[in-house]
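What follows is a single structure, written as structure tokens, with notes after it.
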Amino acid sequence: MIVKNIEAKIRLATWVAFGSFVTSIILSAICCSYAYRQVSDARKSIYILNNNVPLLASQTNVAMNRPAEYRADVDLFHSLFFSLTPDDKFIEYQMKKAMYLVDQSGVDQYDDLKENGYFNSVLSSSSVITLQTDSISLDMTKRYFRYYGRLKIDRRSSTVIRSLVTEGYLKDIPRSDNNPHGVLIINWKTLENKDLENVQKNTF
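The opening position of the sequence shown corresponds to residue 1 in UniProt numbering, with each subsequent residue numbered one higher.
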């Protein structure tokens, strides 16, 4: 009887030990899985400092903020490309900055405008061109955008208002000082650039 009791206790102890071992493996697997998810979520986030105080860091999800960055990049590019003054150094500076944000399609449009004497006409007529953004529609699935804006061309003799509509696609690239949003505009095209108003000025 004593022997049977001892054997029963040994079996019980064995099952308890085995159960504890299996339970510890399951708990370890759950903890590892949770830790992996936490690390993955952390990698999807960027960190910014508030008021240059390192201790007050706030976390923003990249995917949530990306549409705003896309629109900001599109807006910046169009402002650089189309907002001009009659200063050849300023035009050259604007175009150089804009070319960091667009692929060969932007270079091609710049070359076409240059060959057609567009920039020389800006200089000769002392035109000041400002661009106002109306809206930017964005399709995140296709990474497609359509830009709507108005150009105001202020010349010595007249003020012209033009409607501007362009389209293109967006490609993620590594961030840099010249491309802080890490976005490249590709296959960019101008769909519309037509006069809406032409107001003559008094020249006397």
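Each residue gets a CB set at the ideal place from its N, CA and C atoms; glycine is no exception.
On a predicted model such as this, the values are computed, not experimentally measured, just so you know.
Per DSSP, cross-strand counterpart(s) of residue i
| i | result |
| --- | --- |
| Ile-185 | Val-102, Leu-170 |
| Gln-200 | Ser-158 |
| Ile-136 | Tyr-147 |
| Ile-10 | In the DSSP output, where bridge partners are listed per residue, Ile-10 has none listed. |
Coarse secondary structure for residue i, derived from DSSP in three states
| i | result |
| --- | --- |
| Arg-162 | strand |
| Asp-177 | coil |
| Ser-125 | coil |
| Gly-19 | helix |
| Pro-54 | Legend: pLDDT at Pro-54 = 47, less than 50; position of this residue unreliable, value from coordinates given subsequently. DSSP places Pro-54 in strand when its eight states are reduced to three. |
| Arg-146 | strand |
| Ser-33 | helix |
| Asn-120 | helix |
| Thr-141 | coil |
| Glu-192 | strand |
| Gln-38 | helix |
| Gln-109 | helix |
| Ser-28 | helix |
| Thr-130 | strand |
| Lys-114 | helix |
Residue burial classification, residue i (beta-carbon count within 10 angstroms, cutoff 16)
| i | result |
| --- | --- |
| Leu-131 | buried |
| Lys-118 | The sequence shown places Tyr at residue 118, not Lys. Classification of Tyr-118: exposed, given that the 10 Å Cβ count is below 16. |
| Asp-88 | exposed |
| Arg-162 | buried |
| Ile-26 | exposed |
| Val-122 | buried |
| Leu-151 | buried |
| Asp-73 | buried |
| Thr-166 | buried |
| Asn-198 | exposed |
| Phe-77 | buried |
| Leu-170 | buried |
| Trp-188 | buried |
| Phe-90 | exposed |
Beta carbon proximity, residue i to chain B, threshold 8 angstroms
| i | result |
| --- | --- |
| Asp-154 | Note that chain B does not occur in the displayed structure, where there is just one protein chain. |
What are the complete alpha helix (DSSP H) segments, minimum 4 residues, inside the stretch 74 to 102?
Qualifying alpha helix (DSSP H) stretches, in chain order: 88 to 99.
Stretch pair the stretch 89 to 108 + the stretch 181 to 189: three plus CB contacts closer than 8 angstroms
Between the stretch 89 to 108 and the stretch 181 to 189, the count of C-beta pairs closer than 8 angstroms reaches three or more; the two stretches touch.
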